[in-house]
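Residue numbers (my numbering): 254 to 421.
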């Protein structure tokens with residue numbers, strides 16, 4: 254759901270492979286260009302362009318010992334599930350009851366209803382709730398210890414989103 258592995262057949266005489274990923278099939282908007290010694294590549298998908306795209310394109314070219322690049326392979330398509338964006342409003346203090354509002358949006362900035370948002374971490378009992386039609390859910394927390402709280406948002410058909418919050 255939230256990562257990919259690109260693989261291709263190795264070629265004789267190739268020292269390394271040049272991999273390109275783009276948001277358009279003509280590669281006018283390149284998201285990532287890298288080289289690898291292996292006949293596979295797993296992009297970190299941390300670029301802003303990965304957040305916005307649901308369809309990406311990729312291709313590979315072999316490079317020999319003398320740095321001569323061969324032809325690009327046929328363009329391949331990557332279909333990604335849309336991403337959720339999770340934001341938190343509020344804070345958490347040890348031994349104090351506080352409210353934390355979690356808001357979930359899709360890649361275009363629209364609220365997403367019925368997303369399962371859960372919180373877990375030190376000093377709190379794990380809790381899960383669903384967002385309303387405004388994409389929001391409110392948690393009332395009273396952490397017993399200092400540490401980190403981890404919030405996760407999941408819904409079928411979407412990539413999950415995560416956020417953490419420090420308990421002071």
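For each residue, glycine too, the CB sits at the ideal point set by N, CA and C. The structure displayed is predicted, hence computed values, not measured ones.
Looking only at 419, 409 and 387, the smallest Cα-Cα distance to residue 397 is reached by 419. Under the three-pair Cβ rule at 8 Å, the region 342–349 does not count as touching the region 304–318. From the listed residues 416, 421, 289 and 400, the smallest Cα separation to residue 357 is found for 416. Taking each of 400, 265, 378 and 272 in turn and checking the Cα distance to residue 312, the smallest one comes out for 272. According to the DSSP secondary-structure assignment, residue 415 is paired through a beta bridge with 405.
For residue 340, the uninterrupted beta strand (DSSP E) run begins and ends at 338–342, by DSSP.
Taking one beta carbon from each stretch, the region 357–375 and the region 384–399 have 3 or more pairs nearer than 8 Å; the two touch. Excluding sequence positions up to five before and after residue 288, its CB lies within less than 6 Å of the CB of 269 and 271, all in the same chain and listed in chain order.
Taken in chain order, the unbroken stretches of alpha helix (DSSP H) that lie wholly in the region 292–338 and span 4 residues or more are 301–305. Assigned with DSSP and collapsed to three states, residue 260 falls in strand.
Between residue 274 and residue 404, the alpha-carbon positions lie close to 30 Å from each other. The Cβ atoms of residue 322 and residue 328 do not sit closer than 7 Å to each other. The residues 369 and 413, in chain order, have a CB closer than 6 Å to that of residue 407 in the same chain once the five nearest residues on each side in sequence are set aside.
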